[in-house]
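Participant:
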Amino acid sequence: MPELGILGNHVLLDLDSSGNLTWPNVTPQRLCWGVGADDRWHFSEERASIRQSVDSNEITTITRMRVPGGDITQRVEVIPWGGQSVTKLEFYNETPIPVAISIMLLNFGPVEVNSTIIRNDAKPIIASSKAPRMIINGSGYQDITNQIMNAEIEALTTSTSSIDKSSSDNALIFPLPHSTKLEIIVNNENLDNLPDIERLPSFTDVSNGWLKHLKVAWKYKLTTTDSHRCSTLLEGIFS
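In this note's numbering, the protein residues as written are 494 to 732.
(1) For ASN680, which residues of its own chain have a beta-carbon under 8 Å away from its beta-carbon, when the five flanking residues on both sides are left out?
(2) Measure the beta-carbon distance from THR566 to SER511 and round it to whole angstroms, keeping in mind my assumption that it falls under 8 Å.
(3) For the beta strand (DSSP E) that contains ILE641, what are its first and last residues?
(4) Please say whether PHE584 and PRO625 have beta carbons closer to each other than 8 Å?
(5) Measuring CA to CA, which of ARG540, GLU538, ARG559 and LEU665 is closest to VAL604?
(6) Would you tell me roughly how many angstroms separate the C-alpha atoms of ASN600 and THR515, rounded to the nearest one?
(7) Among the residues of its own chain, which have a CB less than 6 Å from the CB of ALA644, if the five just before and after it don't count?
(8) May I ask you to list the residues that DSSP assigns as paired with THR580?
(9) Can you tell me whether ILE596 is helix, strand or coil according to DSSP?
(10) Here's a check: name, in chain order, each residue in its chain whose Cβ is nearer than 8 Å to the Cβ of PHE622, leaving out the five neighbours to either side.
(11) Using DSSP bridges, identify the partner residues of PRO668.
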(Lines of atoms letter the chains of each structure in order from A; the text may use other names.)
(Lines give C-alpha, C1' and ligand atoms only; values in the text may rest on other atoms or scores of the structure.)
Protein backbone atom coordinates (compact mmCIF):
# COMPACT_ATOMS: atom_id res chain seq x y z
CA MET A 494 0.00 0.00 0.00
CA PRO A 495 1.60 3.33 -1.07
CA GLU A 496 2.34 5.97 1.56
CA LEU A 497 1.84 9.70 1.07
CA GLY A 498 3.73 12.41 2.92
CA ILE A 499 6.17 15.29 2.62
CA LEU A 500 9.89 15.50 3.27
CA GLY A 501 10.84 16.12 6.90
CA ASN A 502 7.32 15.42 8.21
CA HIS A 503 6.40 12.44 10.37
CA VAL A 504 2.77 12.16 9.19
CA LEU A 505 2.28 9.41 6.62
CA LEU A 506 -0.97 8.32 5.00
CA ASP A 507 -1.75 4.99 3.42
CA LEU A 508 -3.41 5.12 -0.01
CA ASP A 509 -4.91 1.85 -1.22
CA SER A 510 -5.60 0.73 -4.78
CA SER A 511 -9.16 2.10 -4.63
CA GLY A 512 -8.22 5.62 -3.53
CA ASN A 513 -9.18 5.12 0.12
CA LEU A 514 -7.01 6.88 2.70
CA THR A 515 -5.93 5.71 6.16
CA TRP A 516 -4.26 7.81 8.86
CA PRO A 517 -2.45 5.19 11.00
CA ASN A 518 -3.09 6.76 14.41
CA VAL A 519 -3.73 4.89 17.66
CA THR A 520 -7.30 4.62 16.40
CA PRO A 521 -6.83 4.59 12.62
CA GLN A 522 -9.00 7.05 10.73
CA ARG A 523 -10.19 6.08 7.27
CA LEU A 524 -11.64 8.06 4.38
CA CYS A 525 -13.56 6.13 1.72
CA TRP A 526 -15.66 7.44 -1.15
CA GLY A 527 -18.54 6.61 -3.42
CA VAL A 528 -20.41 7.94 -6.43
CA GLY A 529 -24.17 8.17 -6.78
CA ALA A 530 -24.57 7.72 -10.53
CA ASP A 531 -27.52 7.39 -12.91
CA ASP A 532 -28.01 3.71 -12.09
CA ARG A 533 -26.97 3.23 -8.44
CA TRP A 534 -24.34 3.99 -5.82
CA HIS A 535 -20.82 2.83 -6.67
CA PHE A 536 -18.42 2.52 -3.72
CA SER A 537 -14.64 2.50 -3.86
CA GLU A 538 -14.48 -0.72 -1.82
CA GLU A 539 -16.15 -2.58 -4.70
CA ARG A 540 -12.90 -2.26 -6.68
CA ALA A 541 -14.29 -3.87 -9.86
CA SER A 542 -14.88 -0.50 -11.54
CA ILE A 543 -11.65 1.09 -10.22
CA ARG A 544 -8.40 1.74 -12.09
CA GLN A 545 -5.41 3.50 -10.58
CA SER A 546 -2.37 5.00 -12.27
CA VAL A 547 0.04 7.92 -12.12
CA ASP A 548 -1.23 11.20 -13.54
CA SER A 549 0.41 12.90 -16.51
CA ASN A 550 2.55 14.95 -14.10
CA GLU A 551 4.38 11.67 -13.24
CA ILE A 552 3.85 12.10 -9.49
CA THR A 553 0.18 12.39 -8.47
CA THR A 554 -1.85 9.22 -8.06
CA ILE A 555 -5.11 9.27 -10.03
CA THR A 556 -7.92 6.83 -9.29
CA ARG A 557 -10.71 6.37 -11.84
CA MET A 558 -14.14 4.97 -11.06
CA ARG A 559 -16.17 3.87 -14.07
CA VAL A 560 -19.87 4.79 -13.94
CA PRO A 561 -22.51 5.09 -16.69
CA GLY A 562 -21.41 7.85 -19.05
CA GLY A 563 -17.72 7.93 -18.18
CA ASP A 564 -15.29 8.29 -15.28
CA ILE A 565 -15.18 10.05 -11.95
CA THR A 566 -11.54 10.80 -11.15
CA GLN A 567 -9.86 11.27 -7.80
CA ARG A 568 -6.46 12.87 -7.25
CA VAL A 569 -4.74 13.09 -3.88
CA GLU A 570 -1.55 14.63 -2.49
CA VAL A 571 -0.13 15.65 0.87
CA ILE A 572 0.59 19.39 0.76
CA PRO A 573 3.04 21.26 3.04
CA TRP A 574 1.40 24.08 4.99
CA GLY A 575 2.80 26.26 7.77
CA GLY A 576 5.57 23.82 8.63
CA GLN A 577 3.07 20.97 8.77
CA SER A 578 0.78 19.37 6.20
CA VAL A 579 -2.75 18.86 4.91
CA THR A 580 -4.14 16.31 2.48
CA LYS A 581 -5.74 17.60 -0.70
CA LEU A 582 -8.27 15.57 -2.70
CA GLU A 583 -9.93 16.46 -5.96
CA PHE A 584 -12.92 14.70 -7.52
CA TYR A 585 -13.79 15.49 -11.13
CA ASN A 586 -16.90 14.46 -13.04
CA GLU A 587 -15.99 13.48 -16.60
CA THR A 588 -19.50 12.19 -17.36
CA PRO A 589 -22.24 14.21 -19.11
CA ILE A 590 -24.63 13.80 -16.17
CA PRO A 591 -24.66 15.10 -12.57
CA VAL A 592 -23.64 12.70 -9.81
CA ALA A 593 -23.34 12.75 -6.02
CA ILE A 594 -20.07 12.16 -4.17
CA SER A 595 -20.05 10.55 -0.73
CA ILE A 596 -17.04 11.09 1.53
CA MET A 597 -17.15 8.51 4.32
CA LEU A 598 -15.30 9.49 7.49
CA LEU A 599 -14.66 6.47 9.70
CA ASN A 600 -13.41 7.02 13.28
CA PHE A 601 -13.24 10.79 12.81
CA GLY A 602 -15.73 11.31 15.64
CA PRO A 603 -18.89 13.46 15.69
CA VAL A 604 -18.75 16.34 13.24
CA GLU A 605 -20.40 19.73 12.89
CA VAL A 606 -21.00 21.22 9.45
CA ASN A 607 -20.75 24.98 9.00
CA SER A 608 -21.01 25.71 5.29
CA THR A 609 -17.71 24.45 3.81
CA ILE A 610 -15.95 23.73 7.13
CA ILE A 611 -16.46 20.44 8.97
CA ARG A 612 -15.34 20.39 12.61
CA ASN A 613 -14.80 17.85 15.34
CA ASP A 614 -14.75 19.20 18.90
CA ALA A 615 -14.38 22.75 17.51
CA LYS A 616 -11.30 21.75 15.47
CA PRO A 617 -11.57 21.97 11.67
CA ILE A 618 -10.99 18.54 10.16
CA ILE A 619 -12.13 19.20 6.59
CA ALA A 620 -12.57 22.19 4.31
CA SER A 621 -14.37 21.78 1.00
CA SER A 622 -14.83 23.86 -2.13
CA LYS A 623 -18.62 23.53 -1.81
CA ALA A 624 -20.96 22.81 1.09
CA PRO A 625 -22.27 19.26 1.59
CA ARG A 626 -25.97 18.74 0.90
CA MET A 627 -26.41 16.03 3.52
CA ILE A 628 -24.61 14.27 6.36
CA ILE A 629 -25.39 10.61 7.01
CA ASN A 630 -24.28 9.07 10.28
CA GLY A 631 -24.02 5.50 11.42
CA SER A 632 -21.85 2.83 12.95
CA GLY A 633 -19.23 1.40 10.63
CA TYR A 634 -18.75 1.26 6.88
CA GLN A 635 -21.53 -1.21 6.09
CA ASP A 636 -24.16 0.69 8.08
CA ILE A 637 -23.28 3.99 6.44
CA THR A 638 -23.24 2.59 2.90
CA ASN A 639 -26.63 0.98 3.50
CA GLN A 640 -28.05 4.33 4.58
CA ILE A 641 -26.50 6.09 1.60
CA MET A 642 -28.07 3.59 -0.79
CA ASN A 643 -31.47 4.21 0.78
CA ALA A 644 -31.21 7.96 0.13
CA GLU A 645 -32.63 9.51 -3.03
CA ILE A 646 -29.81 10.27 -5.48
CA GLU A 647 -31.94 12.76 -7.44
CA ALA A 648 -32.63 14.78 -4.30
CA LEU A 649 -28.94 14.82 -3.40
CA THR A 650 -27.90 16.19 -6.79
CA THR A 651 -30.62 18.82 -7.17
CA SER A 652 -31.75 20.11 -3.78
CA THR A 653 -30.55 20.86 -0.29
CA SER A 654 -31.24 18.22 2.36
CA SER A 655 -31.19 18.57 6.11
CA ILE A 656 -28.01 18.21 8.16
CA ASP A 657 -28.64 15.66 10.90
CA LYS A 658 -26.90 15.14 14.23
CA SER A 659 -23.72 13.17 13.61
CA SER A 660 -21.95 10.24 15.26
CA SER A 661 -18.41 8.85 15.23
CA ASP A 662 -18.79 7.58 11.64
CA ASN A 663 -20.26 9.91 9.05
CA ALA A 664 -20.68 10.43 5.33
CA LEU A 665 -20.75 13.83 3.67
CA ILE A 666 -22.78 13.96 0.46
CA PHE A 667 -21.87 16.53 -2.20
CA PRO A 668 -23.50 17.26 -5.58
CA LEU A 669 -21.08 17.13 -8.52
CA PRO A 670 -22.51 18.40 -11.83
CA HIS A 671 -20.87 17.27 -15.06
CA SER A 672 -17.48 18.77 -15.94
CA THR A 673 -17.03 20.19 -12.43
CA LYS A 674 -14.72 19.35 -9.55
CA LEU A 675 -14.97 19.02 -5.79
CA GLU A 676 -11.86 19.90 -3.76
CA ILE A 677 -11.33 18.82 -0.17
CA ILE A 678 -8.55 19.38 2.33
CA VAL A 679 -8.13 17.18 5.39
CA ASN A 680 -6.41 18.23 8.61
CA ASN A 681 -3.45 15.88 9.12
CA GLU A 682 -1.96 17.35 12.29
CA ASN A 683 -4.59 18.91 14.53
CA LEU A 684 -4.14 22.37 13.00
CA ASP A 685 -6.23 25.13 14.57
CA ASN A 686 -7.11 26.51 11.15
CA LEU A 687 -7.16 25.14 7.63
CA PRO A 688 -5.92 27.19 4.68
CA ASP A 689 -8.16 28.46 1.93
CA ILE A 690 -8.19 25.89 -0.85
CA GLU A 691 -7.27 28.58 -3.39
CA ARG A 692 -4.04 29.32 -1.49
CA LEU A 693 -2.72 25.77 -1.64
CA PRO A 694 -0.22 24.65 -4.28
CA SER A 695 -1.77 22.91 -7.26
CA PHE A 696 -1.06 19.27 -8.07
CA THR A 697 1.26 20.54 -10.81
CA ASP A 698 3.17 22.69 -8.31
CA VAL A 699 3.58 19.70 -5.98
CA SER A 700 4.76 17.39 -8.74
CA ASN A 701 7.25 19.99 -9.98
CA GLY A 702 8.67 20.24 -6.46
CA TRP A 703 9.06 16.47 -6.18
CA LEU A 704 10.66 16.19 -9.63
CA LYS A 705 13.11 18.96 -8.77
CA HIS A 706 14.02 17.22 -5.51
CA LEU A 707 14.45 13.85 -7.21
CA LYS A 708 16.60 15.35 -9.94
CA VAL A 709 18.94 16.90 -7.35
CA ALA A 710 18.99 13.72 -5.24
CA TRP A 711 19.87 11.54 -8.22
CA LYS A 712 22.57 13.97 -9.32
CA TYR A 713 24.44 13.93 -6.01
CA LYS A 714 24.14 10.19 -5.39
CA LEU A 715 25.77 9.17 -8.69
CA THR A 716 29.22 7.60 -8.62
CA THR A 717 31.94 8.86 -10.95
CA THR A 718 31.71 5.67 -13.00
CA ASP A 719 27.97 6.00 -13.54
CA SER A 720 27.70 9.78 -13.87
CA HIS A 721 28.05 10.03 -17.64
CA ARG A 722 25.71 7.12 -18.35
CA CYS A 723 23.01 8.29 -15.88
CA SER A 724 23.17 11.95 -16.90
CA THR A 725 21.93 10.95 -20.34
CA LEU A 726 19.00 9.09 -18.74
CA LEU A 727 18.14 12.00 -16.44
CA GLU A 728 18.14 14.44 -19.33
CA GLY A 729 15.53 12.28 -21.04
CA ILE A 730 13.35 12.03 -17.93
CA PHE A 731 13.46 15.63 -16.76
CA SER A 732 13.85 17.56 -20.03
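Beta carbons: idealized from backbone N, C-alpha and C, even for Gly.
Facilitator: Taking the geometry as given:
(1) Walking along the sequence shown from the start, residue 680 turns up at place 187. Only VAL579, LYS616, PRO617, ILE618, ILE619 and LEU687 meet the Cβ criterion.
(2) Mapped onto the sequence shown, residue 566 falls at position 73. Mapped onto the sequence shown, residue 511 falls at position 18. That belief does not hold up - the Cβ atoms of THR566 and SER511 are roughly 13 Å apart, past 8 Å.
(3) Here residue 641 is taken as the residue at index 148 of the sequence shown, counted from 1. Run containing ILE641: none in the beta strand (DSSP E); it sits in the alpha helix (DSSP H), 634-643.
(4) In the sequence shown, the residue the question calls residue 625 occupies position 132. In the sequence shown, the residue the question calls residue 584 occupies position 91. No, they are not a contact pair.
(5) Position 111 of the sequence shown, counted from the first residue, corresponds to residue 604. When only C-alpha atoms are compared, the closest one is LEU665.
(6) Residue 600 sits at position 107 when you count from the first residue of the sequence shown. Residue 515 sits at position 22 when you count from the first residue of the sequence shown. So the alpha carbons of these two residues sit roughly 10 Å apart.
(7) Locating residue 644 in the sequence shown gives position 151, counting from the first residue. Within the same chain, ALA644 has no close Cβ partners at all.
(8) Reading the sequence shown from its first residue, position 87 is the one you call residue 580. Answer is VAL571 and VAL679.
(9) As a working note, residue 596 is residue 103 in the sequence shown. Looking at ILE596 - three-state DSSP - the assignment turns out to be strand.
(10) Along the sequence shown, one-based indexing puts residue 622 at 129. As written in the sequence, residue 622 is Ser, which differs from the Phe given in the question. Taken in chain order, the residues that qualify are THR609, LYS674, LEU675, GLU676, ILE677 and ILE690.
(11) Numbered from its first residue, the sequence shown carries residue 668 at position 175. Beta-bridge pairing links PRO668 to ALA593.
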